[in-house]
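Report on the following structure.
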């Protein structure tokens, strides 16, 4: 199930973020890319914990209702949370040559999707 929540991004010795509607849910990163990656995982785990405990998720505030200042900005984050542990995403670290990484980023390649597609093919799995 796909969920959307506003996140306040702060620039201070790198980046950190908070989810005003998800109390205690925070993320950090040296770059915005690292922050967004950490934030997606933090948000997913937070939502999963709430749902797994049988609790109701808080309503998502509109981004225009979230205050920000000159050192922060608001973005909407999405997270796909599945309560079936077999379908839960896991984080994997991979190593590829630098030139390949640069080319893939220039082309806007989604690394997770590409790896999933390759594994489906390699393992002869039906999508």
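Numbering (the UniProt record's numbering), first residue to last: 1 to 127. Yeah, the Cβ is synthetic: ideal placement off N, Cα and C, and Gly gets one too. Computed from a prediction, not measured in an experiment: that's the story for all the values here.
Grouping DSSP H, G and I as helix and E and B as strand, with all else coil, what is residue i?
| i | result |
| --- | --- |
| residue 81 | coil |
| residue 120 | helix |
| residue 60 | coil |
| residue 11 | strand |
| residue 110 | coil |
Sorry if obvious, but does the Cβ on residue i come closer than 7 Å to a heavy atom of the ligand MN?
| i | result |
| --- | --- |
| residue 12 | Here there are no bound small molecules, and the ligand MN is not part of this structure. |
Identify every residue that forms a DSSP beta bridge with residue i.
| i | result |
| --- | --- |
| residue 26 | 18 |
| residue 90 | BP columns for residue 90 are empty, so no partner. |
| residue 6 | 76 |
Can you check which of these residues, the options, is closest to residue i by C-alpha distance?
| i | options | result |
| --- | --- | --- |
| residue 14 | 106, 62, 21, 30 | 30 |
| residue 43 | 64, 94, 123, 5 | 5 |
Could you check whether residue j and residue i sit closer than 8 Å to each other, using their CB atoms as the reference points?
| i | j | result |
| --- | --- | --- |
| residue 47 | residue 57 | yes |
| residue 40 | residue 77 | yes |
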